[in-house]
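**Student:** Under our numbering, read the sequence shown as residues 46 to 140, first letter to last. Beta carbons: idealized from backbone N, C-alpha and C, even for Gly. The structure's right below; bear with me while I get my questions together.
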Amino acid sequence: MHLLTPEDFEPWIGRKVRVATLPDPVEITLERIDRRSALRGFDVREPFSLFFESPLHVFLIDGTYELDCGKGGPHAILLTQLQPSDRRFYEAVFS
């Protein structure tokens with residue numbers, strides 16, 4: 046099994062990512078990748094988060110979704126919604 050790294054998602058930055066939802070897929074945009082320092086002896090890989098955004102009408106409940114941007118994937122990724130404003134924001138944490 047390949048552990049995903051920030052480099053796996055770098056080609057996705059600024060791209061629309063297809064999220065497998067029913068009845069039809071929706072699209073969200075990967076805005077940025079935040080990297081964190083690994084804890085020596087504890088972390089198997091470099092911890093990082095992916096931050097996505099979408100229009101307000103694209104509403105995803107917290108859960109695991111299949112994401113694919115056409116440059117890798119699909120990957121099963123757990124998304125958590127952050128506080129919305131004029132758009133919706135989602136975070137995926139990898140540790």
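Would you list the residues sitting across from isoleucine 73 in a DSSP beta bridge?
**Tutor:** Val62, per the DSSP bridge assignment.
**Student:** According to DSSP, simplified to helix, strand and coil, what is phenylalanine 54?
**Tutor:** In the structure shown, phenylalanine 54 sits in a helix (DSSP, three-state: H, G or I).
**Student:** Compute the Euclidean distance between the alpha carbons of proline 129 and glutamate 136, then round it to the nearest angstrom.
**Tutor:** Taking the straight line from one Cα to the other gives about 12 Å.
**Student:** Here's a check: name, in chain order, each residue in its chain whose Cβ is nearer than 6 Å to the Cβ of tryptophan 57, leaving out the five neighbours to either side.
**Tutor:** Once the five neighbours on either side are set aside, the close Cβ partners of tryptophan 57 are Leu75 and Cys114.
**Student:** On the three-state DSSP scale, how would you describe histidine 120?
**Tutor:** Residue state, collapsed to three classes: strand.
**Student:** I'd like to know whether the C-beta atoms of valine 62 and valine 103 end up nearer to each other than 8 Å.
**Tutor:** No; because the gap between Cβ atoms is not below 8 Å, this pair is not in contact.
**Student:** Can you tell which of Arg60, Thr109, Asp69 and Gly108 has its C-alpha closest to the C-alpha of isoleucine 78?
**Tutor:** With distances taken between Cα atoms, isoleucine 78 lies closest to Arg60.
**Student:** With DSSP as the reference, please indicate the residues paired to aspartate 131 in a beta bridge.
**Tutor:** Aspartate 131 is not bridged to any residue.
**Student:** Exposed or buried, leucine 123, counting other C-beta atoms within 10 Å across all chains shown (16 or more means buried)?
**Tutor:** Counting Cβ neighbours within 10 Å, leucine 123 comes out exposed, since fewer than 16 surround it.
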